[in-house]
Amino acid sequence: MSSKRPPTADAPKPPTTLHPTTTISPLAVLTGTYPVTLGENTILHPYSTLTSTTGPITLGRNCTLAEMSAISASSSNPTTIGDNVTIGSGTHMTGANIGEGSVIEGRVTIGEGAVLGKFCKITAGEVVHPGEVLADFTVVYGDGKRRVNRTMEGSGEVREARRKGVEGECALARRLIPNAAAKWG
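Numbered as in UniProt numbering, the sequence shown ends at 185 without a single skipped number.
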């Protein structure tokens, strides 16, 4: 008996709309039959995965999807990620709507149909439950606790600094990560 795995057919390549400044690592994976749209300066790190087999996926401008993160859509909930969103390593989400400026740290799980408002922060290892709706500026931390980030909420300067920081992060990643976007476009 052979210990080798049986060969598998290649997963389908999704229809894509990629901004010319999108960077996709050669080790990132996009599969599915529904559209995948990636905005200006969006970065897909190595081993990140987008799966659109049951619905469309859209990432806005200046988004970062870190290593080993997986985003998928569901038949009842497309996945939409707003501008200037950072998604940490090992995060998994299905059919979620993420508001602009949000930060999702590593190893976070976001359930199907969850909605995050603008400038939310989900700290490492936390869970946003299926169908849960978080108001703008919500922070999820410490074993499921929730609070409002009053500093971010009350200061346009802080939000602008966050936007500029994300733009800088994306610019640096574009220089460091080899770009295989042509393979998908």
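Glycine included, every Cβ here is placed at the ideal spot set by N, Cα and C.
Measure the Cβ-Cβ separation of ALA181 and PRO26 and say whether it is below 7 angstroms. Within the sequence shown, the letter at position 181 stands for residue 181. Within the sequence shown, the letter at position 26 stands for residue 26. Judged by their CB atoms, ALA181 and PRO26 are not nearer to each other than the 7 angstroms cut-off.
Using CA coordinates, which residue listed in ILE98, ASP143, SER74 is at the minimum distance from TYR34? By 1-based counting over the sequence shown, the position of residue 34 is 34. Among ILE98, ASP143, SER74, the Cα nearest to that of TYR34 belongs to SER74.
Within 8 angstroms, do at least three Cβ pairs link the region 105–116 to the region 75–88? As far as the Cβ criterion goes, the region 75–88 touches the region 105–116, which means the pair count is three or higher.
Opposite LEU159 in the DSSP bridges: which residues? Here residue 159 refers to the residue found at position 159 when the sequence shown is read from its first residue. The sequence shown places Arg at residue 159, rather than the Leu named in the question. Partner(s): none; ARG159 has no beta bridge.
With respect to the alpha helix (DSSP H) encompassing ARG150, which residues constitute its N-terminal and C-terminal limits? In the sequence shown, residue 150 corresponds to position 150, counting from 1. 150–154 is the span of the alpha helix (DSSP H), which, as asked, contains ARG150.
Measure how close the beta-carbons of GLY117 and THR138 come, nearest whole angstrom, since I'm counting them as under 8 angstroms. Counting from 1 along the sequence shown, the entry for residue 117 is found at position 117. Counting from 1 along the sequence shown, the entry for residue 138 is found at position 138. Indeed they touch by this definition, with Cβ atoms about 6 angstroms apart.
Taking only runs of the alpha helix (DSSP H) that begin and end inside the region 95–157, which ones reach a length of at least 4 residues, in chain order? Runs of the alpha helix (DSSP H) lying entirely within the region 95–157 and spanning at least 4 residues, in chain order: 150–154.
If you scan the region 24–76 from start to end, which runs of the beta strand (DSSP E) of 3 or more residues do you find wholly inside it? As far as the region 24–76 is concerned, its whole beta strand (DSSP E) runs of at least 3 residues are 29–32, 36–38, 49–52, 57–59, 70–72.
Using only CA atoms, which one of CYS63, ARG147, LEU30, LEU18 lies nearest to GLY165? In the sequence shown, counting from the first residue as 1, residue 165 sits at position 165. Restricting attention to CYS63, ARG147, LEU30, LEU18, the CA atom closest to the CA of GLY165 is found in CYS63.
Between LEU65 and GLY39, is the Cβ-Cβ spacing less than 7 angstroms? Taking the sequence shown and counting its residues from 1, one reaches residue 65 at position 65. Taking the sequence shown and counting its residues from 1, one reaches residue 39 at position 39. Contact: no.
Is it the case that the Cβ atoms of HIS92 and ALA70 are separated by a distance below 7 angstroms? Reading the sequence shown from its first residue, position 92 is the one you call residue 92. Reading the sequence shown from its first residue, position 70 is the one you call residue 70. Taking C-beta atoms as the reference points, HIS92 and ALA70 count as a pair closer than 7 angstroms.
Cβ-Cβ separation, VAL36 to SER48 (assumed contact under 8 angstroms), whole Å: Against the sequence shown, residue 48 aligns to sequence position 48. Against the sequence shown, residue 36 aligns to sequence position 36. Contact check for SER48 and VAL36: beta-carbon distance about 12 angstroms, past the 8 angstroms limit, so the pair fails to qualify.
What residue from ASN41, THR54, VAL108, HIS45 has the CA that sits closest to GLY82's CA? The residue you call residue 82 lines up with position 82 of the sequence shown. Sorting ASN41, THR54, VAL108, HIS45 by C-alpha distance to the C-alpha of GLY82 places ASN41 at the top.
Let me confirm a value: ARG61 is counted as buried when at least 16 other C-beta atoms fall within 10 Å, else exposed. Which label applies? As a position in the sequence shown, residue 61 is number 61, starting the count at 1. Counting C-beta atoms within 10 angstroms of its own C-beta, ARG61 has 16 or more neighbours from the protein chains shown and is therefore classed as buried.
Could you tell me which residues DSSP pairs with THR80 in its beta bridges? Locating residue 80 in the sequence shown gives position 80, counting from the first residue. THR58, ASN97, per the DSSP bridge assignment.
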